[in-house]
């Protein structure tokens with residue numbers, strides 16, 4: 001089944017415009033100064049996208065934002081509507097610090113038990129919640145578990161959404177201790193345009209950002225997903241927070 005899904009993703013990537021469907025970024029990519037990476041590193045940073053699903057979480061997401069600010073990494077957060085409604089101050093902080101926000105439905109309902117009509121209603125409700133918090137409606141959407149039917153996909157495109165999946169998944173939601181994310185970071189070989197899936201409602205994404213940003217064998221520079229949209233503008237740098 002996974003092989004079939006990968007084949008479908010590759011086929012869609014080949015034929016669907018990038019403004020509608022993204023799995024990864026493309027090369028050629030910009031040459032980034034090593035100064036954009038926290039600390040000194042002999043290699044130019046590899047541009048990729050760190051993306052985080054299922055938040056915001058009241059404990060883990062602020063800690064993650066602290067690290068992203070420290071390492072000057074820009075992320076894309078695919079947020080759940082009910083969580084955004086509970087923690088609007090975290091959503092506002094994401095925007096203030098230069099991160100991008102995407103729609104991850106209202107409740108993250110199980111795809112196999114959610115009709116296209118129900119799914120699209122959740123997308124619309126989350127759009128309204130995020131508009132009320134941020135003043136704008138997100139273009140980016142990530143469906144729960146990356147699963148879509150033709151009806152759901154067409155409904156998103158009628159709403160002028162860009163569907164964003166991923167090509168790199170450490171499965172942090174299955175981890176139970178830091179040693180597991182340590183091992184993944186050691187094995188990881190970043191490629192320009194990787195879209196990395198992690199989850200800010202679990203603690204291991206925090207350690208992953210720390211290790212990826214401090215790794216001695218490679219350097220990364222995370223950019224917002226919109227960086228790779230054919231019609232999207234280049235995201236602004238991560239903003240410094242004003243001191244209290």
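Numbering (UniProt numbering), first residue to last: 1 to 244.
Beta carbons are placed, not taken as given, at the ideal position from N, Cα and C, and that holds for glycine.
query                                                                                                                                                        : result
Are there 16 or more other CB atoms within 10 angstroms of the CB of residue 222, so buried, or fewer, so exposed?                                           : buried
To which residues does DSSP link residue 102 through a beta bridge?                                                                                          : 78
Which word fits residue 217, buried or exposed, when buried means at least 16 other C-beta atoms lie within 10 angstroms of its C-beta?                      : exposed
Compute the Euclidean distance between the alpha carbons of residue 119 and residue 152, then round it to the nearest angstrom.                              : 7 Å
Could you check what DSSP says for residue 199 in three-state terms: helix, strand or coil?                                                                  : strand
Using alpha carbons as the reference points, say which of 167, 52, 183, 228 lies closest to residue 101.                                                     : 52
Would DSSP call residue 66 helix, strand or coil?                                                                                                            : helix
Please state the DSSP three-state secondary structure of residue 22.                                                                                         : strand
Can you name, in chain order, every residue of its own chain whose Cβ lies under 6 Å from the Cβ of residue 39, other than the five neighbours on each side? : Confidence at residue 39 is low in this model, with a pLDDT of 47, below 50, so the placement of that residue should be treated as unreliable; the coordinate-derived value is given next. Counting only Cβ-Cβ distances below 6 Å, and skipping sequence neighbours, we find nothing.
Below 7 Å CB to CB, which residues in the same chain sit around residue 207 once its five sequence neighbours on both sides are set aside?                   : 178, 181
Alpha carbon to alpha carbon, what distance is there between residue 220 and residue 84?                                                                     : 28 Å
Would you say residue 103 and residue 161 are within 9 Å of each other, going by their C-beta atoms?                                                         : yes
At which residues does the alpha helix (DSSP H) containing residue 95 begin and terminate?                                                                   : 88–96
If you reduce the DSSP assignment to three classes, tell me which class residue 176 lands in.                                                                : coil
Does DSSP classify residue 165 as helix, strand or coil?                                                                                                     : coil
Per DSSP, what kind of secondary structure is residue 213 in: helix, strand or coil?                                                                         : helix
DSSP beta-bridge partners for residue 49?                                                                                                                    : 195
Could you tell me the alpha carbon to alpha carbon distance between residue 246 and residue 68, rounded to whole angstroms?                                  : Here the chain has residues from 1 to 244 only, and residue 246 is not among them.
Using a Cβ-Cβ distance under 9 Å, would residue 63 count as near chain C?                                                                                    : Here there is only one protein chain, and chain C is not present.
Let me confirm a value: residue 186 is counted as buried when at least 16 other C-beta atoms fall within 10 Å, else exposed. Which label applies?            : exposed
Ignore the nearest five residues each way along the sequence and tell me which others in residue 46's own chain have a CB closer than 6 Å to its CB.         : 190, 192, 220
Who are the Cβ neighbours of residue 170 in its own chain at under 7 Å, not counting the five residues just before and after it?                             : 181, 184, 198, 208
May I have the straight-line CA-CA distance separating residue 92 from residue 115, to the nearest angstrom?                                                 : 31 Å
According to DSSP, is residue 148 part of a helix, a strand, or is it coil?                                                                                  : coil
When we look at the beta-carbon of residue 139 and count the other beta-carbons within 10 Å, is it buried (16 or more) or exposed?                           : buried
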